[in-house]
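First comes the structure, then the notes that go with it.
See the structure below:
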């Protein structure tokens, strides 16, 4: 075998192997431009991709389970809800403790129970009448709801607790506290809504309660006159004085006092929520009321002479449109810049010989006129005198309030035009419709539902 080697101009190396004697010839070319030898590395084998392991599914958080718990009659039970929307039911007469926990709970309370709703928008229902006081420890205005059954709305009043740091609902038929909301207070003009339920749980009506500042010991231990002619003087504090029957003289003195003229025959309903018990719109004798210093409230009737004294005073009167010939109450020192006269009037569907009376009738029937001879302003409704004010106050601001209307035009001016609630509340004279379900008595006085 012979080996020949050639170099071409491009440094291409040519190797020729000759095998003689009939042997095969092998020829090889190296086409690299450089004369250096390179050895090709074998390709690295590609590892096959590992299969993707499936992700472990995330278990959803378990939904909170709603509890439905009831106490046992005759025992003092402790009922604790969980994180769900629970329903807890106590028993009347037992000192049951109900705790809703988080969630929107419904707590049905018997007389004597104590309840804590916990987090969430809770609904508290006072189910049973009884002699024990029920307490809701954490009622939150604007979030929680309150319902009373079987108490009639006309028999419930709202007052402050003794320490002024809470509210009490009073059953006026039995003159006792039925429900206490410690730590709850109402600012001026703020209300708490209460649903009154029928026996089947349906809402009969919803009432708004406002707090007029009466505390429990003052409200229940007020100064009261007799059936004769009394002279009753208040203290340096905030007094509540009832004249009862007779030609009484009531003097509040210092403090923010509340003076009630007479006993009368026309009863408050709870729209103004003035006081526990059967109070009267109308004083039935020639009482004399003097509020003295302070921001006083004076309830006046036909023939009453009332002096508010220093301070921003509020006079309350009633327009008995079914009893003509009654004398006006005389207010001696009404200042429209700071005082206010509130007049309630009945709204009655009418039956038998009693005619109906509507909100529009009151607007059309109101008259405010100046009597130059008496130098006084006379306020009347359908010709029936209500009150007189000193001097010419015929241009005083007037607003009508339909307390039972479900429409937006609950406030009207003296011409019947719709006004805002803010504008109405600032009026010097406010006339408010009170809804009544029956009329009784020889003189046609009306008692509310």
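Residue numbers (the numbering used here): 1062 to 1510.
Every residue gets a Cβ at the ideal spot worked out from N, C-alpha and C, and that includes glycine.
{"Asked": "With DSSP as the reference, identify every bridge partner of residue 1227, one or two as the case may be.", "Found": "1243"}
{"Asked": "Using the Cβ count rule (16 or more neighbours within 10 Å means buried), how would you classify residue 1110?", "Found": "exposed"}
{"Asked": "Sorted by chain position, which residues of the same chain lie with C-beta nearer than 7 Å to residue 1141's C-beta, five sequence neighbours on each side aside?", "Found": "1160, 1162"}
{"Asked": "Identify, in the order they occur along the chain, each residue of the same chain with its Cβ nearer than 6 Å to the Cβ of residue 1310, setting aside the five sequence neighbours on each side.", "Found": "1292, 1349"}
{"Asked": "Are residue 1193 and residue 1154 closer than 9 Å when you measure CB to CB?", "Found": "yes"}
{"Asked": "Hey, out of 1450, 1407, 1437, 1408, whose CA is closest to residue 1395's CA?", "Found": "1450"}
{"Asked": "Between residue 1491 and residue 1408, what straight-line distance do the alpha-carbon atoms span, to the nearest angstrom?", "Found": "16 Å"}
{"Asked": "If residue 1174 sits next to residue 1157, beta carbons under 8 Å apart, how far is it from one beta carbon to the other, in whole angstroms?", "Found": "5 Å"}
{"Asked": "What does the Cβ neighbour count give for residue 1126, buried or exposed, with the cut at 16 atoms within 10 Å?", "Found": "exposed"}
{"Asked": "Roughly how many whole angstroms lie between the Cα atoms of residue 1231 and residue 1368?", "Found": "30 Å"}
{"Asked": "With DSSP as the reference, please indicate the residues paired to residue 1169 in a beta bridge.", "Found": "1150, 1186"}
{"Asked": "Rounded to the nearest angstrom, how far is the Cβ of residue 1351 from that of residue 1372, given a contact under 8 Å?", "Found": "Contact flag wrong, Cβ pair sits at about 12 Å."}
{"Asked": "Find out if the Cβ-Cβ distance for the pair residue 1446, residue 1388 is shorter than 9 Å.", "Found": "yes"}
{"Asked": "Can you give me the C-alpha to C-alpha distance between residue 1361 and residue 1393, rounded to a whole angstrom?", "Found": "12 Å"}
{"Asked": "In the structure shown, what three-state DSSP assignment does residue 1482 receive?", "Found": "helix"}
{"Asked": "List the DSSP bridge partners of residue 1454.", "Found": "Bridge partners of residue 1454: none, in fact."}
{"Asked": "Could you have a look at residue 1351 and say whether DSSP puts it in helix, strand or coil?", "Found": "strand"}
{"Asked": "Beta carbon of residue 1210, beta carbon of residue 1266: below 9 Å?", "Found": "no"}
{"Asked": "By the DSSP assignment, the alpha helix (DSSP H) with residue 1420 in it spans what residues?", "Found": "1420 to 1426"}
{"Asked": "Could you tell me which of 1443, 1245, 1296 sits nearest to residue 1204, measuring between CA atoms?", "Found": "1245"}
{"Asked": "Which residue's Cα is closest to the Cα of residue 1512: 1243, 1197, 1149?", "Found": "The structure shown does not extend to residue 1512, since the chain spans only 1062 to 1510, so no value can be given for it."}
{"Asked": "Have a look at 1189, 1448, 1312, 1475 and flag the residue whose alpha-carbon is nearest the alpha-carbon of residue 1378.", "Found": "1448"}
{"Asked": "Which of the three DSSP states, helix, strand or coil, is assigned to residue 1471?", "Found": "coil"}
{"Asked": "If I'm right that residue 1376 touches residue 1494 with Cβ under 8 Å, what's the distance once you round it to whole angstroms?", "Found": "Wrong, their Cβ atoms sit about 18 Å apart, outside the cutoff."}
{"Asked": "Under a three-way DSSP split, which group does residue 1431 fall into?", "Found": "strand"}
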